[in-house]
Structures are given as C-alpha cells and as structure tokens.
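Trainee:
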Amino acid sequence: MENRAHAIAAGLFVIVFVTALAAAAIWFSGDTAKEDVYLLVSKSSVSGLNPQAAVRYRGLQVGRVEKIMLDPQQHRTILVRILVGSGTPITQGTYAELAYQGLTGLAYIQLDDDGTMPTPLQTSPEAPARIEMRTSLLQEVGASAPLLLARISMLTERMSNVFDDENLKRAKAILANVEHVSARLVTLQDKLDPAITALPSVVANTQGVLKKADALLVDLSTLTAKLQQQVMTFDRVAASAEKVAASAEKIGAAGEAVGDEVRSSALPKFDRLLDDLSRTSKNLDRLLTDIERRPQSLVFGKPPSQPGPGEPGFAAPP
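Written as structure tokens, this is what we have:
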C-alpha cells in the first residue's frame with residue numbers, strides 16, 4: 115500500500131509540475147494575447163488550405179486558421195474561421211485572398227485593405243464579422259486553365275494544318291523566290307554603285323545650276339519691276355488718250371450742234387439768196403441777149419411788142 119501511495123503522489127507531482135511549466139512557457143512566450151474571431155466567406159475553392167494555416171496581413175503573420183466548414187445556409191459557400199491578433203487593423207474595406215508559399219506550395223490567408231472603408235470592423239466570438247474572400251490571380255489562372263488548354267489545342271491543330279505538305283512546298287518556293295530576289299538586289303546594288311559614286315559631282319553641278327537659277331530669278335525680278343514701270347506709263351498714256359477722246363467727243367458734239375444750227379437757220383436764207391441770184395442772172399442774160407440783137411435799144415429804147423391775137427393791129431401770119 116505504501117508503495118502505491120508513493121507512486122500516486124509522485125504522479126500527481128509530475129502532472130502539477132508539467133502544468134506549471136506549460137503555463138509558465140505560455141506566459142513568457144506571450145501567447146496569452148487576445149485574439150479576434152472572423153469568418154472568411156469564399157465562393158470559390160480553397161484547395162490546399164488547412165486548419166492552423168497562417169493568416170497574414172500584408173505579408174505579416176497576424177493569426178491562424180481555426181476551422182474550415184461549409185455554410186449551413188448556402189452549401190456552395192465555404193466559411194473559414196480565423197483567429198487574428200486584436201491589434202490588427204481590420205476594417206470594413208479589408209478583404210482576403212488565398213496565397214501560396216514559395217516552393218512548398220502551402221496555402222495561407224492573405225489579408226489586405228483597399229482603403230475605401232476605413233471604419234473598424236466590429237466582431238465577437240458569438241457573432242464573428244464576415245470578410246469577403248476574393249479570387250486570387252493563381253485561382254483565376256487555374257479556373258481559366260481548361261479554356262486555355264482548349265485554345266492551345268485548337269492553335270496546335272491550326273498550326274498543323276498550316277504546316278502541311280502543300281504549304282511547306284509553298285514556303286520552300288517562297289524562300290527560293292526570296293533568295294532569287296536577294297541575288298538580283300545584290301546585282302542591282304553593284305550596278306548602282308557607280309551612280310552613287312557620281313552623286314557628289316551631280317550634287318555639285320546641281321548647286322551651280324541653282325546658283326545660276328537664283329541669279330536668273332534676280333534678273334527676272336528686275337525685269338518685272340521695269341515692266342511694271344512701263345505698264346504704269348502705258349496706263350498714264352491710256353488715261354491721257356481717254357481724256358483726249360473725251361475732249362474730241364465734246365468737240366464733235368459742239369460741231370454737230372453748230373451744223374444743226376446752220377442747217378436750221380442759215381441754210382434756208384442761203385437757198386433764197388441763191389434763188390434770187392439765179393433769177394437775176396437769168397434776167398441779166400436776157401438783157402444782154404436783147405442788147406446783142408438790138409444795140410439801138412440802148413438809145414431808142416425797147417421797140418413796142420407785136421400785138422397779140424385780139425389786139426388792134428394783129429395780123430395772122432401767112
């Protein structure tokens with residue numbers, strides 16, 4: 115009995131001693147810090163994530179994963195219960211992503227904040243606050259992997275169709291044509307080398323021609339100025355001629371007026387004068403004719419005229 119009592123006492127002592135050591139270790143290691151509880155809500159897979167996985171806030175470890183479970187109300191939603199140190203600045207704008215460690219490929223939770231809602235997120239063990247878990251870049255790549263593989267397969271099939279025997283023959287023919295064209299270009303370059311060598315002299319001659327052209331342009335400018343002066347002189351002469359023509363028109367108008375006046379007043383009088391002169395000339399002719407026939411009429415006068423029919427002394431001719 116005594117040995118059994120000593121054994122029980124020794125066992126109790128060891129248990130108390132180990133418990134005290136564990137409590138002391140926990141106390142000195144600082145694991146007694148308060149932790150806040152949050153629920154991460156994920157609509158996508160959390161493959162590779164295990165309980166006790168690390169929780170990091172912008173790369174710094176701030177907690178651990180406590181439990182992974184399905185949402186009892188929405189079976190397609192996964193809930194990840196995490197414990198985070200109470201000093202971590204979790205806000206209403208904080209979100210979570212699934213990340214992986216280097217070569218090991220172990221999954222962990224990465225917390226980040228976009229700063230849109232800086233209000234602290236209130237939580238409690240009885241009603242943990244929920245944080246949205248977004249799809250990471252690797253998850254998006256993994257989700258699009260089947261589509262990417264299908265497109266790669268389609269591209270491979272098209273490439274195989276492009277590089278069939280017929281198209282390979284065409285490609286060889288194209289390469290042969292390119293080689294032929296390259297050879298002709300080399301020959302053309304050999305022919306162009308003398309022309310390229312002669313280009314400096316051609317450029318020099320062109321510069322001389324340009325200088326002469328400049329001088330010719332100067333002469334043309336001088337000639338143009340002189341022509342402009344001559345044109346101005348011709349303009350003045352034309353203006354003078356227009357003035358002379360206007361004066362001549364005025365003189366012609368005055369002459370026409372004088373002619374009209376002469377025709378209207380002087381010509382009738384002149385016509386009557388001419389009629390009088392004509393009658394006088396006729397009378398003078400008759401007088402001279404009578405004198406020539408009867409010169410004695412100047413002394414004795416004009417003989418009496420013969421009596422006409424019905425007058426006394428009229429005698430009919432035999």
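The letter at position 100 of the sequence shown is residue 214 when you use my numbering, and the numbering goes up by one with no holes.
Glycine residues also receive a C-beta, built at the ideal position from the N, C-alpha and C atoms.
Predicted model only: the values in this text are computed from it and were never measured.
Measure the C-alpha to C-alpha separation of Val130 and Arg178 and round it to an integer number of angstroms.
Mentor: For Val130 and Arg178, the distance between alpha carbons rounds to 29 Å.
Trainee: Rounded to the nearest angstrom, what separates Asp145 and Lys181 at their Cα positions?
Mentor: Model confidence at Asp145 stands at a pLDDT of 48, short of 50, so the residue's coordinates are unreliable; what they give is reported in the following sentence. If I take the Cα positions, the gap works out to 19 Å.
Trainee: Look at the alpha carbon of Val132 and the alpha carbon of Arg190, and state the distance between them as a whole number of angstroms.
Mentor: Rounded to whole angstroms, Val132 to Arg190 spans 45 Å at the Cα level.
Trainee: Hey, would you say Val198 sits closer than 8 Å to Val169, going by beta carbons?
Mentor: In this structure, Val169 lies closer than 8 Å to Val198 by Cβ.
Trainee: How big is the Cα-Cα spacing for Gly207 and Leu263?
Mentor: Near 36 Å, if we compare the C-alpha coordinates of Leu263 and Gly207.
Trainee: Counting C-beta neighbours from all protein chains within 10 Å, is the total for Gln224 16 or more, i.e. buried, or is it exposed?
Mentor: So Gln224 counts as buried.
Trainee: Looking at Ala210: is its Cβ nearer than 8 Å to the Cβ of Tyr222?
Mentor: Not in contact: Ala210 and Tyr222 (Cβ atoms no closer than 8 Å).
Trainee: Using the Cα positions of Thr218 and Gly173, report the straight-line distance between them to the nearest angstrom.
Mentor: Looking at the two C-alpha atoms, the distance is approximately 17 Å.
Trainee: With DSSP collapsed to three states, give me the class of Leu212.
Mentor: In this structure, Leu212 counts as strand in the three-state DSSP scheme.
Trainee: Excluding sequence positions up to five away, which residues of its chain have a Cβ less than 6 Å from the Cβ of Leu334?
Mentor: Correct list: empty, nothing qualifies.
Trainee: In whole angstroms, give me the CA-to-CA distance for Ser395 and Asp389.
Mentor: Their backbone Cα atoms lie some 10 Å apart in a straight line.
Trainee: Got a sec? Which residues, its chain only, sit under 7 Å from Leu235 by beta carbon, not counting five neighbours each side?
Mentor: Counting only Cβ-Cβ distances below 7 Å, and skipping sequence neighbours, we find Ile204, Thr205, Gln206, Thr208 and Ala243.
Trainee: Using the C-alpha atoms, what's the distance from Arg407 back to Arg393?
Mentor: Rounded to whole angstroms, Arg393 to Arg407 spans 21 Å at the Cα level.
Trainee: Locate the beta strand (DSSP E) running through Arg509, then write down its first and last residues.
Mentor: Since the first and last residues shown for the chain are 115 and 432, residue 509 lies out of range.
Trainee: Just the Cα atoms here: how many angstroms apart are Ala121 and Ala136?
Mentor: When rounded, the distance between both Cα atoms is 22 Å.
Trainee: Express the C-alpha separation of Leu337 and His294 in angstroms, rounding to a whole number.
Mentor: If I take the Cα positions, the gap works out to 59 Å.
Trainee: Which two residues bound the contiguous beta strand (DSSP E) that contains Met247?
Mentor: Element bounds for Met247: Ala243 to Arg248.
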